[in-house]
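Trainee: Numbering follows the working numbering, in which position 229 of the sequence shown is assigned residue number 276; successive positions increment by one, without gaps.
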Amino acid sequence: MQILSWLWDIAAYIPPFLFVLGIIIFIHELGHFLVARWCNVAIDAFSLGFGPELIGWNDSRGTRWRVALIPLGGYVKFAGDDNAASMPDHDALESMSEEEKRTSFYLKPVWQRAAIVAAGPAANFLLAIFIFASAFLIVGRPTVDAAVTGVRPDSPAAAAGFQPGDVIVAIDGSKVNAFIDVLRTVSSAAGQDLTFTVDRGGQEVTLHATPEQRDLKDDFGTPYSAGFLGIENRTSPEDVHRQTFGPIGALVAGAQETAYITKRTVEVIAGVITLEQSPKQFGGPLRVAKISGDMASIGFTALFGLAAMLSISIGLINLLPIPMLDGGHLLFYGIEALRGRPLSLRAQDVGFRIGLGLVLLLMFFATFNDLLFLTS
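(1) Would a C-beta distance cut-off of 7 Å place G167 and H79 closer than the cut-off?
(2) Hey, is the stretch 141-157 in contact with the stretch 57-72, meaning 3+ C-beta pairs nearer than 8 Å?
(3) Under 7 Å between the Cβ atoms of K362 and N171?
(4) Quick one: what does DSSP say P168 is sitting in, helix, strand or coil?
(5) Residues in its own chain within less than 6 Å of D213 by CB, not counting five upstream and five downstream?
(6) Using a threshold of 7 Å, state whether the C-beta atoms of D219 and L254 are closer than that.
(7) Check whether the Cβ atoms of A126 and F97 lie closer than 7 Å to each other.
(8) In chain order, what residues of the same chain have a beta carbon less than 8 Å from the beta carbon of A256, not counting five sequence neighbours either side?
(9) Rounding to the nearest angstrom, what Cα-Cα distance links C86 and G398 in this structure?
(10) Taking the straight line between their C-alpha atoms, what separation do you get for L378 and A175?
(11) Rank L409, I308, G121 and V198 by C-alpha distance to the C-alpha of L357 and give the top, closest one.
(12) With DSSP run on the structure shown, which of helix, strand or coil describes N105?
(13) On the CB-based measure, 16 or more other CB atoms within 10 Å of its CB, does I163 come out buried or exposed?
(14) If you measure between the beta carbons of F179 and E304, is that distance less than 7 Å?
(15) Is it a yes or a no for the stretch 392-409 touching the stretch 363-370, going by three-plus beta-carbon pairs under 8 Å?
(16) Taking the alpha carbon of S234 as the point to measure from, which residue in G318, F93, A83 and Y122 has its own alpha carbon closest?
(17) Using CA coordinates, which residue listed in F177, A165, G293 and A89 is at the minimum distance from N365?
(18) Give a yes or no on whether the C-beta atoms belonging to S144 and Y122 are separated by under 7 Å.
(19) Tell me, which residues are paired with H255 by DSSP?
(20) Give the DSSP-derived three-state secondary structure of I369 in the structure shown.
This is the structure we're talking about:
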């Protein structure tokens, strides 16, 4: 019965999951597509999903637009591609006419190929900026003053001398505007000595504290590792202020939010690689589906916020220097630019095989983490 209940819950998460993932995949592939068109590259297919085609149509330039059965990804297939991973079909390239060669992706200058490949991840970051900016423009951003309402016993904050009633005004000389500024600084500063400037009854007091690394869980039960200080900020609805933005201010705030999440994601990935953070925080499609359902139950604003964060994550993952991913292609193009000629076909084939193994291993690891998370 528990398994049936678990499967029913997963099924309920599928619609919001496909909605979020579909937006992210479409925008990513659209980035590749638009820059390829700008570079006059012939495009055979634009696919949302892999495997058998469910629906499709041809545009006026011969590109097949298709929605496929397996929704966990997508691709843009250029003329001369051998498969969805953009490995070249050398027999097809050799048999091309001179006119066809002029629109072949593989015969374009290396900078154009790199621009086309990089456009996918870039589109993911632009999508995140757009979502955050739109939210800030339409509904603003709720903020809470950086007031300390409680101090956890035996915590770094208690050892540093924080007291209820303190208001944090600066950290390491940087101004604090809201409590979220404190959380973000502390979460990424485990083991680092921080200097806090606080307002204590109208007097400025300087405190020194070193956040400690802790494995925590967010409101949806997702594990993560972060710096922990031990101060509390209990607030009532009247303590929440809503910061409003004009169009330019919202765009700037959206870019800043995207930059922060990108930086934090890179720190987490680096921490897992160096074994400084728990690998349990890496999740795959099952966890994304569950979180999508949870966010959808809150509302569309939360769901689109999740879409922005996932878009950043997918953009970063695609930039990893692993063959088969965009970052692997960019690595090959960088080597080609330095050498003045591309790597040998054998070297590229070996690279793609290694990349496929790494991608499959990453997917297995993420799915294993998902199963532990969903059944715990």
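For glycine and all other residues, C-beta sits at the position ideal for the given N, C-alpha and C. As the structure is a prediction and not an experimental result, all values here were calculated from the model.
Mentor: Result, derived from the coordinates:
(1) By 1-based counting over the sequence shown, the position of residue 167 is 120. By 1-based counting over the sequence shown, the position of residue 79 is 32. In this structure, H79 lies closer than 7 Å to G167 by Cβ.
(2) Touching, no.
(3) As a first step, residue 362 must be located in the sequence shown, where it is residue number 315. As a first step, residue 171 must be located in the sequence shown, where it is residue number 124. It should be noted that the sequence gives Gly, not Lys, for residue 362. Yes, the Cβ-Cβ distance between G362 and N171 is below 7 Å.
(4) Counted from its first residue, the sequence shown places residue 168 at position 121. It is helical.
(5) Reading the sequence shown from its first residue, position 166 is the one you call residue 213. Within the same chain, D213 has close Cβ partners V195, V245 and R247.
(6) Your numbering for residue 219 matches position 172 in the sequence shown. Your numbering for residue 254 matches position 207 in the sequence shown. In this structure, D219 sits away from L254, with a CB-CB distance that is not shorter than 7 Å.
(7) The residue labelled residue 126 in the question sits at position 79 within the sequence shown. The residue labelled residue 97 in the question sits at position 50 within the sequence shown. Taking 7 Å as the Cβ cut-off, A126 and F97 do not qualify as a contacting pair.
(8) Counted from its first residue, the sequence shown places residue 256 at position 209. Hits under 8 Å: P203, A204, A206, A207, F209, D240, L241, F243 and L276.
(9) By 1-based counting over the sequence shown, the position of residue 86 is 39. By 1-based counting over the sequence shown, the position of residue 398 is 351. Straight-line Cα distance between these residues: approximately 26 Å.
(10) Walking along the sequence shown from the start, residue 378 turns up at place 331. Walking along the sequence shown from the start, residue 175 turns up at place 128. Rounded to whole angstroms, L378 to A175 spans 25 Å at the Cα level.
(11) The residue given as residue 357 occupies position 310 in the sequence shown. Nearest of L409, I308, G121 and V198 to L357, Cα basis: I308.
(12) In the sequence shown, counting from the first residue as 1, residue 105 sits at position 58. N105 falls in the strand class under three-state DSSP.
(13) Numbered from 1 along the sequence shown, position 116 holds the residue referred to as residue 163. Classification for I163: buried.
(14) Sequence index remark: in the sequence shown, residue 179 carries index 132 (1-based). Sequence index remark: in the sequence shown, residue 304 carries index 257 (1-based). Yes, the pair counts as a contact, with Cβ atoms nearer than the cut-off.
(15) Contact between the stretch 392-409 and the stretch 363-370 is present: 3 or more CB-CB pairs across the two stretches fall below 8 Å.
(16) Position 187 of the sequence shown, counted from the first residue, corresponds to residue 234. When each option's Cα is compared against that of S234, the closest is G318.
(17) In the sequence shown, counting from the first residue as 1, residue 365 sits at position 318. For N365, the nearest C-alpha among the options comes from A165.
(18) Residue numbering aside, residue 144 sits at position 97 when the sequence shown is read from its first letter. Residue numbering aside, residue 122 sits at position 75 when the sequence shown is read from its first letter. Not a contact, by the Cβ cut-off of 7 Å.
(19) Here residue 255 corresponds to residue number 208 of the sequence shown, with the count starting at 1. Beta-bridge pairing links H255 to T242.
(20) The residue given as residue 369 occupies position 322 in the sequence shown. Looking at I369 - three-state DSSP - the assignment turns out to be coil, as it is neither helix nor strand.
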